[in-house]
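Asks:
4 protein chains.
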Amino acid sequence: MAGSSFGTLFRFTTWGESHGPAIGVVVDGVPSRIALGEPDIQQWLDKRRPGQSRYTTQRQEPDQVKILSGVFEGQTTGTPISLMIDNVDQRSKDYRNIADRFRPGHADYTYWKKYGIRDYRGGGRASARETASRVAAGAVARKVLSSLGGPDITIRGALVQIGPHAIDRAAWDWSAVEDNPFWCPDRAMAAHWAEYLDTVRKAGSSVGAVIEIVASGVPAGLGEPVYDKLDGDLARAMMTINAVKAVEIGAGFGAVVLGGEDNGDEMRMQDGKVTFLSNNAGGVLGGISTGQDVVVRFAVKPTSSILKAMRTVDSEGNDTEIETHGRHDPCVGIRAVPVGEAMMACVLADHLLRARALGGV
Amino acid sequence: MAGSSFGTLFRFTTWGESHGPAIGVVVDGVPSRIALGEPDIQQWLDKRRPGQSRYTTQRQEPDQVKILSGVFEGQTTGTPISLMIDNVDQRSKDYRNIADRFRPGHADYTYWKKYGIRDYRGGGRASARETASRVAAGAVARKVLSSLGGPDITIRGALVQIGPHAIDRAAWDWSAVEDNPFWCPDRAMAAHWAEYLDTVRKAGSSVGAVIEIVASGVPAGLGEPVYDKLDGDLARAMMTINAVKAVEIGAGFGAVVLGGEDNGDEMRMQDGKVTFLSNNAGGVLGGISTGQDVVVRFAVKPTSSILKAMRTVDSEGNDTEIETHGRHDPCVGIRAVPVGEAMMACVLADHLLRARALGGV
Amino acid sequence: MAGSSFGTLFRFTTWGESHGPAIGVVVDGVPSRIALGEPDIQQWLDKRRPGQSRYTTQRQEPDQVKILSGVFEGQTTGTPISLMIDNVDQRSKDYRNIADRFRPGHADYTYWKKYGIRDYRGGGRASARETASRVAAGAVARKVLSSLGGPDITIRGALVQIGPHAIDRAAWDWSAVEDNPFWCPDRAMAAHWAEYLDTVRKAGSSVGAVIEIVASGVPAGLGEPVYDKLDGDLARAMMTINAVKAVEIGAGFGAVVLGGEDNGDEMRMQDGKVTFLSNNAGGVLGGISTGQDVVVRFAVKPTSSILKAMRTVDSEGNDTEIETHGRHDPCVGIRAVPVGEAMMACVLADHLLRARALGGV
Amino acid sequence: MAGSSFGTLFRFTTWGESHGPAIGVVVDGVPSRIALGEPDIQQWLDKRRPGQSRYTTQRQEPDQVKILSGVFEGQTTGTPISLMIDNVDQRSKDYRNIADRFRPGHADYTYWKKYGIRDYRGGGRASARETASRVAAGAVARKVLSSLGGPDITIRGALVQIGPHAIDRAAWDWSAVEDNPFWCPDRAMAAHWAEYLDTVRKAGSSVGAVIEIVASGVPAGLGEPVYDKLDGDLARAMMTINAVKAVEIGAGFGAVVLGGEDNGDEMRMQDGKVTFLSNNAGGVLGGISTGQDVVVRFAVKPTSSILKAMRTVDSEGNDTEIETHGRHDPCVGIRAVPVGEAMMACVLADHLLRARALGGV
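Protein chains in written order, with my numbering: chain Y, 6 to 366; chain V, 6 to 366; chain Z, 6 to 366; chain F, 6 to 366.
1) Does any CB atom of chain Z fall closer than 7 Å to the CB of GLY364 (chain Y)?
2) By the criterion of Cβ-Cβ separation under 7 Å, what are the contact partners of PHE77 (chain Y) in chain F?
3) Can you confirm whether GLU217 (chain Y), when its beta carbon is compared against all beta carbons of chain V, has any partner nearer than 7 Å?
4) Does any residue of chain F bring its CB to less than 7 Å from the CB of GLY127 (chain Y)?
5) Round the Cβ separation of GLY291 (chain V) and ALA131 (chain Y) to the nearest angstrom and send it over; I've been treating them as touching at under 8 Å.
6) In terms of alpha-carbon separation, which member of Y:PHE107, Y:VAL30, Y:HIS111 lies closest to SER74 (chain Y)?
7) Give me the Cα-Cα distance between ALA181 (chain V) and ALA112 (chain Y), rounded to the nearest whole angstrom.
8) Out of F:PRO307, F:ASN268, F:HIS333, F:VAL223, which has the shortest C-alpha to C-alpha gap to THR115 (chain Z)?
9) Can you name the residues of chain V whose CB is closer than 9 Å to the CB of PRO169 (chain Y)?
10) Closer than 8 Å, Cβ to Cβ, to anything on chain V: give me those residues from the region 41-58 of chain Z, in chain order.
11) Could you name the residues that DSSP lists as bridge partners for HIS170 (chain Z)?
12) Do GLY8 (chain F) and SER37 (chain F) have their C-beta atoms closer together than 7 Å?
13) Which ranges does the beta strand (DSSP E) cover as unbroken runs of at least 3 residues, wholly within the region 177-252 of chain Z, from first to last along the chain?
14) Mind checking who GLN21 (chain Z) pairs with in its DSSP beta bridge?
15) As a quick exercise: from Y:VAL70, Y:GLY34, Y:GLU22, Y:ILE28, pick the residue whose alpha carbon is nearest that of GLN48 (chain Y).
16) Kindly indicate if chain F contains any beta-carbon less than 7 Å away from that of PHE258 (chain Z).
17) With 16 as the cutoff for other CB atoms within 10 Å, does LYS52 (chain V) come out buried or exposed?
18) So which residues on chain F does ALA27 (chain Y) lean against when the C-beta distance must stay under 7 Å?
19) Would you kindly check if the distance between the Cβ of SER283 (chain V) and the Cβ of ASP298 (chain V) is under 7 Å?
20) Tell me, please, whether the region 305-316 of chain Z touches the region 191-210 of chain Z by the rule of three or more beta-carbon pairs shorter than 8 Å.
21) Would you mind listing the alpha helix (DSSP H) stretches within the region 304-363 of chain F that are 4+ residues and don't spill past its ends, in chain order?
22) Between which two residues does the alpha helix (DSSP H) holding SER151 (chain F) run?
23) List the residues of chain Z whose Cβ lies closer than 7 Å to the Cβ of HIS24 (chain F), in chain order.
24) ARG340 (chain Z) CB to nearest chain F CB: under 7 Å?
25) For GLY287 (chain F) versus ILE254 (chain F), is the C-beta spacing smaller than 7 Å?
26) Check distances from the C-beta atoms of the region 225-254 of chain V to those of chain Z and list, in chain order, the residues that come in under 7 Å.
27) Could you check the C-alpha separation between GLU22 (chain F) and GLY237 (chain F) for me, to the nearest Å?
28) Can you give me the C-alpha to C-alpha distance between THR329 (chain Y) and VAL249 (chain Y), rounded to a whole angstrom?
29) Looking at the C-beta of ARG361 (chain Y), does it have a partner C-beta in chain Z at a distance below 7 Å?
30) Where does GLY162 (chain Z) fall in DSSP's three states?
31) Considering just the uninterrupted stretch of the alpha helix (DSSP H) at GLN275 (chain Z), what are its terminal residues?
32) Give the residues of chain Z in contact with THR115 (chain V), contact being defined as C-beta atoms less than 9 Å apart.
33) When the Cα atoms are used, what is the spatial distance from ASP45 (chain Y) to LYS234 (chain Y)?
34) Which residue's Cα is closest to the Cα of ILE172 (chain Z): Z:PRO190, Z:THR61, Z:GLY264?
35) Out of curiosity, what's the CA-to-CA distance linking ARG161 (chain V) and ILE218 (chain V)?
36) Would DSSP call ALA40 (chain Y) helix, strand or coil?
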């Protein structure tokens, strides 16, 4: 319970630092006889992979995954699946400038306070590089969902706001998401973001983003009240992604200004099925899925490493300054989209297995 | 792992339904030799107790707690502390009208889908009555914090928004919080809310609220990266409170529109101590406490039970309507303040114990 | 994780001290719609109840169980089941003689070292009274097994050795078990034990016992390798019962002297089913049930409270002596039979639920 | 909770099959700033390594461990430690003969029943090869114990019985243990075992063994009653080792024949310290360590793979026979000694960390 594991039945444990030899994840709790190969995982890692546009980090990592256990003749065996990704681009960059100084907005100071030692190279364990392991686990979770939860479960993510610029939700087009480097469902806004981020980047600054993850086809009945509610686990799942500062379900903070009569999702029978007339609940009532889309949004803060000097202190207790040099990443939120999708998949896979045991499916 | 427990080392398990004979909580993981008596717990239950103003539910419950184990001669013994609260006001009210119909916004439908049976009386297990058990556990957590974490740890909550009416943060006055039935830190706004809620109540409607919980004096070093981050656990803790739909830490969603240079909390040495010049992080970096105030906000949706008829279906698959009769509770968020405080206390107590074992204090 | 809970999906948490107002258990993870009433539980508590023969403790406890939650209209609802048993016979006996002295063989010294405080009355939390809570949980587990695991699962226990006197296994007769106060399956030996124990009791001494628990009708496939093996969990389950010092599965220690050809249970098809020709494995191979009887034996040490003075020390660090006065219990192992059955039921129920989620049933 | 993890705070997760590319373990919950290098781990793997005498398996594995994370500049950082061991000797041996037939005494049948698929090569996940990962984790645990538990904690194991031949405990000499291929503390018996095992091996048969693990210098106060008792966790730890069928603590089954006055360990003050005059408790009372040696014994069944044909069935439901060819391993118990030591170290490290949090050290 030292913090590197997530999930109860579908449970994964990640390991590895930004500049160690490799990173990886052990996924335990995968039922047997699910077809699984490296390409099933690689496709999602490729989506998260850095260096694919000028709007994200320029670190070059092939992020090639290897399956080391748990799969035999193309099928899961029910035993733990160990996945490993070598770190290739461990730049010989000199990290000595951050070895003794705490970068504002980063975990440098808190790791040092907690552990008295830190692998400062690239952020060590606190690096967003860890999220590649989440994406790998999420790929396995997707296979569990498609095998055991029905073929209709889909999990999709999109960026819905960068800085102050939110999309026009009326213009939402899922097919647009793959067509721009921002996973933006509003084509017009994607073009606008491109210009805006160039400006931010040239100014050496950075901005935050809001990501929305939607899971469709989720059966009603997932979630274990009252502390392992589906939305409680989703909130934790998203909040633990690097740089995330807020999570909301369905109408979220927006529900505060609604009257009860507008917020409550009314129901009607349609074609013999219970149908909700709206989805302010975001697909979760009382911590249990309703059968509607499960809708989660989370906020990613602006990249903390910027080209501007900021005031800080060093480990000796002296006032000093620090700034990042060279290329930087103006909006870390962009790459959080596949990570959010992966965490949604892992939470759903876990609760699907739990519901098989305890009721709900 | 069926969902009724919370925490790792400081771990509590709640039980009980709204209209059963009693509710209760077993708190395990309390170190020995901490002074604890029923009044230590009762004071917080009194704060949460229903029926104290016309703005909250009129259910009359003395909520008298009994300590059944784990305390000997006024001190904890290290063994599990069992706390029980009798249900007194189990109105003979006829719940048959909701026995077969699903109230919009409530967990009626999802419990029925998941379990195929539900104790419909007063919402059963899904009732906010369960939060009394959280408050009792939180009272024990506060004693753990004050005994082992230092006397400076304080946990306070306030309501900062009702419907569209947010407080003026410049007018924040902690001393005001106890002086109005809303736990509002802005005296002027409290008066305004009183009028506003009367209107809402008379209209048979309801509104949501935003609660802010602030923990001061928290030592740096609490939180276990990367999945048991302090903010991840807080997000889960708050999201599992009834009717909560959103959680944010520090600047939260507001961080999205900040530039990196404005969001990153700069540091300076002051009086020989590391001091942050702002607190957009909300006291958590990389999932570990910084030593600043830990600041969490969460949104409570409008009360789902209102005096207006809403469309729904019944368990036989027929379209129907449902409405609440008699007095109702126009803003359930008000009573969430002591609950949010309790959950903050439990999360901090758990991480304080974990840090004793694994590093951080 | 402070130690008062057992199980993963079928999970119970016990609380209470020997001389507190009550003891109890919260059982979480019980699927819904299982018929359950207080008599279902009471029957097993009655079997364990003290004071039923002159061979066990003379404490008089009705051990009347109350269901406080989790059951609605005679059926489980999927929510936690809280069970409480009042302590009635809290003798006004003076426990001051053990308040400061450590009884050899008891947990007095270790609780004092660990916690610095202890509820010395009747052994406090370390009292075998806690096992009533196990029996209550076990009764619920039996209902889970009969509802979800098939009607053929039976769990029976017997005492197979007292002191040096082991039963003649050839004379094993399950129908004899209910006919004597020892749960002895060998009628002749039961008579012999009666005489033997009278001698032991009159001498103010005590002896140990071996209990055997047999679960029949268990489906193949239960157990999660490699650390949550069925036999690993059974070993832990039995070893945590008060006074237990040894556990074995199947041939157990006896397997050491067998040749591989005699120990390995051969298989043959019989009536279209895989049939084992022997059961040295005790129904578990590789940590997974084989479908044969699951057979566990455990050793209970002699009662530590005897009428003879023993050397010890007090909490002030002085040498002293201690002895028990009045009636005593010459063989605590006798009452461990229903407790061992209960723990077997709980382990099987937990693994049955886990197998529903992860494979095996 | 799918079974591949062990421990609560000091928690490790193993992965890998006998004939996959590698095996490994992720150790989470290691406090920071503990010196750790590959040689610290390698020394214990070398002790367990196969092929070192004619009495154990002839598989040739260098078992070279690599540290992939969690260590920076020779010290632990508090982040998960990933250890990997390549499988080198994946013989091109034809495993087709066991692909469809179930070897008696092995997990072939149960894995097939549970998972419907199995990696039959060398036993797959059920192979004793997995124990190398335990030994690696145990090496880390030893470092935790020596750093945080005091330099006096030592963990040693010995073989005390092979087949019917038990050592003379009066001849126990720890220095003898390293001098013979059996870890036998009785030099005379070691010579006798050599002859005996040659006979067994030549007969194509096998025998079982009893291993004793002794931990000295363990502080009083470790163990969390009542379900996470130190002896309960040790029982589970040992029982999950491949081929183990029985576990006992202290006097174990032998306690049954003792009178209470002989079994209870009396106490006296010696040099200002509480001293026990015997150790029938095996260092544990009420589930909590007493400060005496913690003494555990466990039984390993005879090797199931022997040169004699045994009756079995195949996955098609046909009666058939199976036998092992070539060299075999007449007593798998021998190599269980370092594994038992490792599990003892892991249990103690876990409980040492827990006691730091909850009391006891």
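Glycine included, each C-beta is placed from N, C-alpha and C at the ideal position.
Replies: Well, looking at it:
1) Yes, contact with chain Z.
2) Result: ILE122, ASP124.
3) Judged by the 7 Å Cβ criterion, GLU217 (chain Y) is not in contact with chain V.
4) GLY127 (chain Y) is outside the set of residues whose beta carbon lies under 7 Å from a beta carbon in chain F.
5) That belief holds up - the Cβ atoms of GLY291 (chain V) and ALA131 (chain Y) are roughly 5 Å apart, short of 8 Å.
6) Comparing alpha carbon positions, the residue from Y:PHE107, Y:VAL30, Y:HIS111 closest to SER74 (chain Y) is Y:VAL30.
7) Taking the straight line from one Cα to the other gives about 35 Å.
8) Residue F:VAL223 is the option with its Cα nearest to THR115 (chain Z).
9) The contacting residues are VAL261, VAL262.
10) For the region 41-58 of chain Z, which is checked against every Cβ of chain V, not one residue is closer than 8 Å.
11) Beta-bridge partners assigned by DSSP to HIS170 (chain Z): Z:ILE167.
12) Not in contact: GLY8 (chain F) and SER37 (chain F) (Cβ atoms no closer than 7 Å).
13) The region 177-252 of chain Z contains these whole beta strand (DSSP E) runs: 214-221.
14) It is worth fixing the name first, because residue 21 (chain Z) is Gly in this sequence and not Gln. Looking at the DSSP assignment, GLY21 (chain Z) forms a beta bridge with Z:ILE28.
15) Y:VAL70 is the residue among Y:VAL70, Y:GLY34, Y:GLU22, Y:ILE28 whose C-alpha sits nearest the C-alpha of GLN48 (chain Y).
16) With 7 Å as the cut-off, PHE258 (chain Z) counts as an interface residue toward chain F.
17) Buried is the call here.
18) Within chain F, the residues near ALA27 (chain Y) are LEU73.
19) Going by C-beta atoms, ASP298 (chain V) is not nearer than 7 Å to SER283 (chain V).
20) With three or more CB-CB distances shorter than 8 Å, the region 305-316 of chain Z counts as touching the region 191-210 of chain Z.
21) Qualifying alpha helix (DSSP H) stretches, in chain order: 341-363.
22) Residues 136-153.
23) HIS24 (chain F) does not reach chain Z, its nearest Cβ partner there being about 16 Å away, counting only Cβ pairs nearer than 7 Å.
24) So, not an interface residue.
25) Cβ distance < 7 Å, so GLY287 (chain F) and ILE254 (chain F) count as in contact.
26) Against chain Z - using a Cβ distance shorter than 7 Å - the region 225-254 of chain V contributes no residues.
27) For GLU22 (chain F) and GLY237 (chain F), the distance between alpha carbons rounds to 28 Å.
28) If you take the alpha carbons of THR329 (chain Y) and VAL249 (chain Y), they lie about 21 Å apart.
29) So, interface residue.
30) Three-state DSSP puts GLY162 (chain Z) in a strand.
31) From DSSP, GLN275 (chain Z) is part of no alpha helix (DSSP H) but of the beta strand (DSSP E) over 272-275.
32) In chain Z, no part has a C-beta under 9 Å from the C-beta of THR115 (chain V); the shortest such distance is about 12 Å.
33) Approximately 29 Å, taken between the alpha carbons.
34) Among Z:PRO190, Z:THR61, Z:GLY264, the Cα nearest to that of ILE172 (chain Z) is on Z:PRO190.
35) Per the coordinates, the alpha-carbon of ARG161 (chain V) lies some 6 Å from the alpha-carbon of ILE218 (chain V).
36) In this structure, ALA40 (chain Y) counts as strand in the three-state DSSP scheme.
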